[in-house]
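Asks:
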Amino acid sequence: MSWLNFLADVNTSNSADNYFPIGIQLVFAAGFVLTMIAVSAWLGPKRKTADKLETFASGIENHGEARQPIAIKYFLVAILFVLFDVEVIFFYPYAVNFRELGWAGFSAVLMFVAFFLTGFIYIIKKGALKWED
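The sequence shown: position 23 = 1046 (this note's numbering), numbered continuously.
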């Protein structure tokens, strides 16, 4: 009979009434955000000068069109950064659990490093990191 009482307690404790305070908090948070945006738009300065309406590009003077081709080297460096970042993410769980993983985990990490180094050597031989071109 205790199992049925447990199920009855779960059904009564998991009702919509328990979520009402969370809903009220979300409504107040959204109302606060909308109120602050409206007040800042209403009371904020409205001086539209040529400097303020100009496109901001990190403080660099605008010149030419925005549709100029960009060297592929920038994208390669970004991809390499993501690759190294992901490598670190894969090393962290091994560093935390290396005792539990044992030799099987160590061999998996060695295999991962071998694949990664193979790709890195390929990138170096293709000249992806040479900026002189």
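Even for Gly, the Cβ is constructed at its ideal location relative to N, Cα and C.
As an exercise, report each continuous alpha helix (DSSP H) stretch of at least 4 residues that is fully enclosed by the segment 1061-1147, in chain order.
Replies: Taking only runs of at least 4 residues, the alpha helix (DSSP H) segments lying wholly in the segment 1061-1147 are 1073-1076, 1095-1119.
Asks: Below 8 Å between beta carbons: does that hold for residue 1128 and residue 1117?
Replies: Taking 8 Å as the Cβ cut-off, residue 1128 and residue 1117 qualify as a contacting pair.
Asks: Helix, strand or coil: how does DSSP classify residue 1149 here?
Replies: Residue 1149 falls in the helix class under three-state DSSP.
Asks: Rounded to a whole number of angstroms, what is the C-alpha to C-alpha distance between residue 1043 and residue 1051?
Replies: Each residue's alpha carbon lies about 12 Å from the other.
Asks: Residues in its own chain within less than 6 Å of residue 1121 by CB, not counting five upstream and five downstream?
Replies: Cβ within range, chain order: n/a, list empty.
Asks: Expressed to the nearest angstrom, what Euclidean distance is found between the alpha-carbon atoms of residue 1038 and residue 1045?
Replies: Approximately 13 Å between the Cα atoms of the pair.
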